[in-house]
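Peer 1: If you read the protein sequences in the order shown, they are chains L and E.
Counting in numbering that gives the first Met the number 0, the first sequence runs from 0 upward without gaps.
Counting in numbering that gives the first Met the number 0, the second sequence runs from 0 upward without gaps.
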Amino acid sequence: MNPFLKAALLTALVVVLAFFTVSQIDNARANDVKKNVDSVLAQKQAEDVLAQYSRVLAKSPQEQCPYLFSLRQKQLDRTYSLALRMQDYERSNVLNSEYEQLKTSYLLGLASMYISGFDNRKTCGADEIPLAFFYEENSQCQDCLAQNAVLSNVAKRCKNVRIYAFPADNPLEPVKILADRYNIGAVPAIVVNDGTAQSGLQGEQAVIGMLSASGAVCQ
Amino acid sequence: MELKHYDSQTGLLDGSIAPSGFERSKINIPARRNLAIAGMAVLAVAVMVSLLLSYQTIFITYSIFTIFVFMCYIVLWMDGAWEDREPASAKEWPHVSLIIPSYNSGHTIFKCVEACKALKYPGKLDITVVDDGSTDGSCEKLHAIEGIRVIRKEKNEGKAAAMNAGILASKGEIVGCVDSDTYPKEDALLHAVKYFGADRKVGSVVLFINTTPPRTFIQAVQEMEYWISFGFFFKTIAAIDGLYVTPGPMALYRKKMFEELGGFDEKNLTEDMEIALRMQRHGWKIKACHTSVVFTEVPATLKALYRQRLRWFRGGIMNMLKYIDMFFNPKHGNFGLFILPVTLGSGFFSALFILWTILNYVRAGAGYAAPWFSHFSVLAASGISVPFDPFLLDSALIFGFISLVMWSYFVYMSFTISSQKPVLRHALPMLGIIYLFPLFIGFTYLSAYAHEFSGKRYRW
Numbered sequence: 000m001n002p003f004l005k006a007a008l009l010t011a012l013v014v015v016l017a018f019f020t021v022s023q024i025d026n027a028r029a030n031d032v033k034k035n036v037d038s039v040l041a042q043k044q045a046e047d048v049l050a051q052y053s054r055v056l057a058k059s060p061q062e063q064c065p066y067l068f069s070l071r072q073k074q075l076d077r078t079y080s081l082a083l084r085m086q087d088y089e090r091s092n093v094l095n096s097e098y099e100q101l102k103t104s105y106l107l108g109l110a111s112m113y114i115s116g117f118d119n120r121k122t123c124g125a126d127e128i129p130l131a132f133f134y135e136e137n138s139q140c141q142d143c144l145a146q147n148a149v150l151s152n153v154a155k156r157c158k159n160v161r162i163y164a165f166p167a168d169n170p171l172e173p174v175k176i177l178a179d180r181y182n183i184g185a186v187p188a189i190v191v192n193d194g195t196a197q198s199g200l201q202g203e204q205a206v207i208g209m210l211s212a213s214g215a216v217c218q
Numbered sequence: 000m001e002l003k004h005y006d007s008q009t010g011l012l013d014g015s016i017a018p019s020g021f022e023r024s025k026i027n028i029p030a031r032r033n034l035a036i037a038g039m040a041v042l043a044v045a046v047m048v049s050l051l052l053s054y055q056t057i058f059i060t061y062s063i064f065t066i067f068v069f070m071c072y073i074v075l076w077m078d079g080a081w082e083d084r085e086p087a088s089a090k091e092w093p094h095v096s097l098i099i100p101s102y103n104s105g106h107t108i109f110k111c112v113e114a115c116k117a118l119k120y121p122g123k124l125d126i127t128v129v130d131d132g133s134t135d136g137s138c139e140k141l142h143a144i145e146g147i148r149v150i151r152k153e154k155n156e157g158k159a160a161a162m163n164a165g166i167l168a169s170k171g172e173i174v175g176c177v178d179s180d181t182y183p184k185e186d187a188l189l190h191a192v193k194y195f196g197a198d199r200k201v202g203s204v205v206l207f208i209n210t211t212p213p214r215t216f217i218q219a220v221q222e223m224e225y226w227i228s229f230g231f232f233f234k235t236i237a238a239i240d241g242l243y244v245t246p247g248p249m250a251l252y253r254k255k256m257f258e259e260l261g262g263f264d265e266k267n268l269t270e271d272m273e274i275a276l277r278m279q280r281h282g283w284k285i286k287a288c289h290t291s292v293v294f295t296e297v298p299a300t301l302k303a304l305y306r307q308r309l310r311w312f313r314g315g316i317m318n319m320l321k322y323i324d325m326f327f328n329p330k331h332g333n334f335g336l337f338i339l340p341v342t343l344g345s346g347f348f349s350a351l352f353i354l355w356t357i358l359n360y361v362r363a364g365a366g367y368a369a370p371w372f373s374h375f376s377v378l379a380a381s382g383i384s385v386p387f388d389p390f391l392l393d394s395a396l397i398f399g400f401i402s403l404v405m406w407s408y409f410v411y412m413s414f415t416i417s418s419q420k421p422v423l424r425h426a427l428p429m430l431g432i433i434y435l436f437p438l439f440i441g442f443t444y445l446s447a448y449a450h451e452f453s454g455k456r457y458r459w
């Protein structure tokens, strides 16, 4: 056999094996993300069940509250770190095409949790302070990276603060309606406790100041 | 002795006889400008096309190309390139004339002459040093050495011109061109000359070039590189008559070949490659003899190495374009269909890949670094770092890993060919040749393309 043809066939074999390995790595990472997204969605469904219980079976509207607190506490950090991990995995992915779908599911669950958080506060008087962080995923937003770093630190210092990161340039309607509600024009922007959006990079002390004014307990 | 005239721009023979000496080529400025424009256009199109692709796509494409090329070498090797093809002992030992061009090489030329004088050869052997207008007094001292002839050129005209002068004055059937910083082993001629007797179409025999014992890390890396290039690759390529260079340190030539094709191109940056391509075009064979070992001095610093490789690669680009009609030309067999496209393609892709890698890392680096610089006070006051996971590897790196494994195999094979046993002192240079050297080569190719297509003149 012609040695160059032989080399081409062997190369094809090696390339197929390489693509197979790549697909295994991509799938393993996508499955990891999927598992976490499913966990977020399961939490959302659990909240819906508690709300339904409250409407249909509960003797008082507050009966669901201890269960709700326990449920939300479990997921306090996971949702925020998941957004970052998903972004990293998507960037290093070659063959897996599930990320768009996963991101959609995740953002829908996140938006729903953000909104229901306010409802829970009205019903249960929860002391959880929501912070919405708007960034752009399809642009080289250096300040968003910096804001992300600041907020990661804030999350560690303020135990009753929950951060929700929304890509302002995502076309998903629930995300768009939130961006419109807060008149997000420039990113990064943060909204503490459904207040006014603060555009531009905010330092750690400034963010903690805003959170403390809304009742957050920070170290 | 009469020598054919050839066109320095195209390498084509026009059939006329050069009246005296070799044709002194002149740089044709409009043709060079056209070449620059064509090169810029090709590079611009390649860059624009690759702009449309992601870095991952470029990385995978380049890796697959590399895997294919490496696989070709492995298959050729396994198919028998490793076999010792040295012809049986010669019936006649032809007259050999060694020519040593020398320019201000007082620190090495005497050792070189001694090594040449010590060569064991049953036939007639003469040694000529062509002094190319040295100003260091070495020429005067050479006259004192017995058993050699010294030709003094008053004006410095370059190595190729000096070798041409030596060839014109030589009497041997076989001409050996030896760099003044090269020292052949005493049995080097005994093995190499046999190839000329075995086949009348053998125009040149290249020897196994090794480096002198390394004194610096850069030299230690080159020591291995020479084992790989002049050992593994040359042995494999020679098996399919695909050698595209007769290395400058030392190569033997049949004088009849010079009479037919003309001498070295005196305006070429890599005249040793040009003559090889001219030989291939006109059906002369080039053989590699791995039992004939020569040692040559190599650059000791990165800067010197860069300058040397820049000249090699610029000369390579120039010559590849000069002989572009041989590319994919079935008339030239494996040489036209595989060796030339792969050689030019490897350099071009590695340059493009390095360019994209630099851009990618600059962009990513700027992304991570920008917050530090633009908002230093905010972050510094917080005492935090921008998040970055260095262990999150791109899955496309699998392809690069495969290329590296294959490249490591060549490094291993080169030890076998050069009869070396890996020892501890090889560990660091080995890491250098496997991981760093390909990046250096890619970067130098990028620089060579930029220099060549911008029309910048080479300064020796």
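A virtual CB, placed ideally from N, CA and C, is assigned to each residue, including glycine.
By a C-beta neighbour count over all protein chains shown, 10 Å radius and 16 as the cutoff for buried, is residue 35 of chain L buried or exposed?
Peer 2: Residue 35 of chain L sits at position 36 when you count from the first residue of the first sequence. Looking at its Cβ environment, which holds 16 or more other Cβ atoms inside 10 Å, residue 35 of chain L is buried.
Peer 1: Mind reading off the beta-carbon distance from residue 264 of chain E to residue 245 of chain E? Whole number of angstroms is fine, and I expect it under 8 Å.
Peer 2: As a working mapping, residue 264 of chain E is identified with position 265 in the second sequence. As a working mapping, residue 245 of chain E is identified with position 246 in the second sequence. Residue 264 of chain E to residue 245 of chain E, Cβ: 13 Å. No contact.
Peer 1: Determine which residues share a DSSP beta bridge with residue 101 of chain E and list them.
Peer 2: On the second sequence, residue 101 of chain E is found 102 positions in, with the first residue counted as 1. Paired residue(s): E:130.
Peer 1: May I have the straight-line CA-CA distance separating residue 219 of chain E from residue 424 of chain E, to the nearest angstrom?
Peer 2: The count along the second sequence starts at 1 and reaches residue 219 of chain E at position 220. The count along the second sequence starts at 1 and reaches residue 424 of chain E at position 425. Computed Cα separation, rounded: 9 Å.
Peer 1: Compute the Euclidean distance between the alpha carbons of residue 22 of chain E and residue 266 of chain E, then round it to the nearest angstrom.
Peer 2: On the second sequence, position 23 is the one that residue 22 of chain E refers to. On the second sequence, position 267 is the one that residue 266 of chain E refers to. Note that residue 22 of chain E scores 43 on pLDDT, short of 50, meaning its location in the model is unreliable; the coordinates nonetheless yield the value given after this. Their backbone Cα atoms lie some 10 Å apart in a straight line.
Peer 1: Between residue 96 of chain E and residue 451 of chain E, what straight-line distance do the alpha-carbon atoms span, to the nearest angstrom?
Peer 2: To locate residue 96 of chain E, count along the second sequence from 1; it is residue 97. To locate residue 451 of chain E, count along the second sequence from 1; it is residue 452. When rounded, the distance between both Cα atoms is 36 Å.
Peer 1: Any idea what DSSP makes of residue 86 of chain L, helix, strand or coil?
Peer 2: If you number the first sequence from 1, residue 86 of chain L lands on position 87. Helix, per DSSP.
Peer 1: For chain C, is any of its Cβ atoms less than 8 Å away from the one on residue 402 of chain E?
Peer 2: Looking at the structure shown, chain C is missing, and the protein chains on hand are L and E.
Peer 1: Does the distance from the CB of residue 93 of chain E to the CB of residue 192 of chain E come in under 8 Å?
Peer 2: In the second sequence, residue 93 of chain E corresponds to position 94, counting from 1. In the second sequence, residue 192 of chain E corresponds to position 193, counting from 1. Yes, these two residues count as a Cβ contact at 8 Å.
Peer 1: Taking buried to mean at least 16 other C-beta atoms within 10 Å of its own C-beta, is residue 174 of chain E buried or exposed?
Peer 2: For the purposes of this step, residue 174 of chain E is taken as residue 175 along the second sequence, with counting starting at 1. Its Cβ being crowded by 16 or more others within 10 Å, residue 174 of chain E is buried.
Peer 1: Compare the C-beta of residue 358 of chain E against all C-beta atoms of chain L and say whether one is closer than 8 Å.
Peer 2: Looking up residue 358 of chain E in the second sequence gives position 359. So, not an interface residue.
Peer 1: Is the beta carbon of residue 334 of chain E less than 8 Å from the beta carbon of residue 441 of chain E?
Peer 2: As a position in the second sequence, residue 334 of chain E is number 335, starting the count at 1. As a position in the second sequence, residue 441 of chain E is number 442, starting the count at 1. No.
Peer 1: Could you spell out where the alpha helix (DSSP H) holding residue 437 of chain E opens and where it closes?
Peer 2: Translated into the one-based positions of the second sequence, residue 437 of chain E becomes position 438. That run of the alpha helix (DSSP H) goes 436-452.
Peer 1: Taking the straight line between their C-alpha atoms, what separation do you get for residue 100 of chain L and residue 89 of chain L?
Peer 2: Translated into positions along the first sequence, residue 100 of chain L becomes position 101. Translated into positions along the first sequence, residue 89 of chain L becomes position 90. Residue 100 of chain L and residue 89 of chain L: Cα-Cα distance of roughly 12 Å.
Peer 1: Kindly list the residues whose CB is nearer than 6 Å to the CB of residue 405 of chain E, restricted to its own chain and excluding five residues on each side of it in sequence; keep chain order.
Peer 2: In the second sequence, counting from the first residue as 1, residue 405 of chain E sits at position 406. Result list for residue 405 of chain E: 69, in chain order.
Peer 1: On the DSSP letters alone, give me the boundaries of the alpha helix (DSSP H) that residue 197 of chain E sits inside.
Peer 2: Taking the second sequence and counting its residues from 1, the one referred to as residue 197 of chain E is at position 198. Start and end: 193-197.
Peer 1: Going by CA-CA distance only, name the one from E:291, E:224, E:225, E:274 that's closest to residue 283 of chain E.
Peer 2: To locate residue 283 of chain E, count along the second sequence from 1; it is residue 284. Of the listed residues, the one whose Cα sits closest to residue 283 of chain E is E:274.
Peer 1: Go to residue 321 of chain E, then tell me how far its alpha helix (DSSP H) extends in each direction, as first and last residue.
Peer 2: Numbered from its first residue, the second sequence carries residue 321 of chain E at position 322. Start and end: 301-321.
Peer 1: On the three-pair Cβ rule with 8 Å, is the segment 117-135 of chain L touching the segment 146-157 of chain L?
Peer 2: Output reads yes: the segment 146-157 of chain L touches the segment 117-135 of chain L.
Peer 1: Rank E:287, E:342, E:324 by C-alpha distance to the C-alpha of residue 311 of chain E and give the top, closest one.
Peer 2: Numbered from 1 along the second sequence, position 312 holds the residue referred to as residue 311 of chain E. Among E:287, E:342, E:324, the Cα nearest to that of residue 311 of chain E is on E:342.
Peer 1: For residue 327 of chain E, which residues in the same chain have their Cβ closer than 7 Å to its Cβ, ignoring the five residues on either side in sequence?
Peer 2: The residue you call residue 327 of chain E lines up with position 328 of the second sequence. If we look at residue 327 of chain E and ignore the five residues flanking it on each side, its Cβ neighbours are 335, 336, 340.
Peer 1: Just to confirm the assignment, what range does the alpha helix (DSSP H) spanning residue 115 of chain L have?
Peer 2: As a working note, residue 115 of chain L is residue 116 in the first sequence. Unbroken alpha helix (DSSP H) run through residue 115 of chain L: 98-123.
Peer 1: Can a CB atom of chain E be found closer than 8 Å to the CB of residue 158 of chain L?
Peer 2: In the first sequence, residue 158 of chain L corresponds to position 159, counting from 1. No, residue 158 of chain L does not count as interfacial toward chain E.
Peer 1: What span of residues does the beta strand (DSSP E) with residue 202 of chain L cover, start to end?
Peer 2: For the purposes of this step, residue 202 of chain L is identified with residue 203 of the first sequence, where counting begins at 1. Per DSSP, residue 202 of chain L belongs to no beta strand (DSSP E) and is neither H nor E.
Peer 1: Mind pulling the chain L residues with CB within less than 8 Å of residue 341 of chain E?
Peer 2: As a working mapping, residue 341 of chain E is identified with position 342 in the second sequence. Chain L residues near residue 341 of chain E: none, gap ~10 Å exceeds 8 Å.
Peer 1: Going by beta-carbon coordinates alone, are residue 300 of chain E and residue 416 of chain E separated by less than 8 Å?
Peer 2: In the second sequence, counting from the first residue as 1, residue 300 of chain E sits at position 301. In the second sequence, counting from the first residue as 1, residue 416 of chain E sits at position 417. No, these two residues do not count as a Cβ contact at 8 Å.
Peer 1: Would the segment 199-215 of chain L and the segment 162-169 of chain L be scored as touching if the rule is three or more Cβ pairs under 8 Å?
Peer 2: No, the segment 199-215 of chain L is not in contact with the segment 162-169 of chain L.
Peer 1: If you scan the segment 136-200 of chain L from start to end, which runs of the alpha helix (DSSP H) of 4 or more residues do you find wholly inside it?
Peer 2: Complete alpha helix (DSSP H) runs here, min 4: 141-156, 172-180.
Peer 1: Going by DSSP, what residues sit across from residue 208 of chain E in a beta bridge?
Peer 2: The residue given as residue 208 of chain E occupies position 209 in the second sequence. BP columns for residue 208 of chain E point to E:293.
Peer 1: How close, in whole Å, do the beta carbons of residue 293 of chain E and residue 432 of chain E come, if the pair is a contact with beta carbons under 8 Å?
Peer 2: Taking the second sequence and counting its residues from 1, the one referred to as residue 293 of chain E is at position 294. Taking the second sequence and counting its residues from 1, the one referred to as residue 432 of chain E is at position 433. Their Cβ separation, rounded to whole angstroms, is 21 Å, which puts residue 293 of chain E and residue 432 of chain E out of contact at 8 Å.
Peer 1: So is residue 181 of chain L buried or exposed if we call it buried at 16+ other beta carbons inside 10 Å?
Peer 2: Translated into positions along the first sequence, residue 181 of chain L becomes position 182. Classification of residue 181 of chain L: buried, given that the 10 Å Cβ count is 16 or more.
Peer 1: How many Å lie between residue 260 of chain E and residue 41 of chain E at the Cα?
Peer 2: On the second sequence, residue 260 of chain E is found 261 positions in, with the first residue counted as 1. On the second sequence, residue 41 of chain E is found 42 positions in, with the first residue counted as 1. Rounded to the nearest angstrom, the two C-alpha atoms are 31 Å apart.
Peer 1: For residue 74 of chain E, return the contacting residues in chain L, with the cut-off set at a CB-CB distance below 9 Å.
Peer 2: Translated into positions along the second sequence, residue 74 of chain E becomes position 75. By Cβ distance, chain L contributes 2, 3, 5, 6, 9.
Peer 1: Looking at chain E, which residues of the segment 84-95 of chain L have a Cβ within less than 7 Å of any of its Cβ atoms?
Peer 2: So the close ones are 87, 91, 92, 93.
Peer 1: Since residue 17 of chain L meets chain E, which of its residues come closer than 7 Å, beta carbon to beta carbon?
Peer 2: Taking the first sequence and counting its residues from 1, the one referred to as residue 17 of chain L is at position 18. By Cβ distance, chain E contributes 397, 398, 401.
Peer 1: Assess, as a yes-or-no matter, whether the segment 142-157 of chain E is touched by the segment 61-68 of chain E under the definition of 3 or more beta carbon pairs within less than 8 Å.
Peer 2: No: the two stretches stay apart, fewer than three of their Cβ pairs being nearer than 8 Å.
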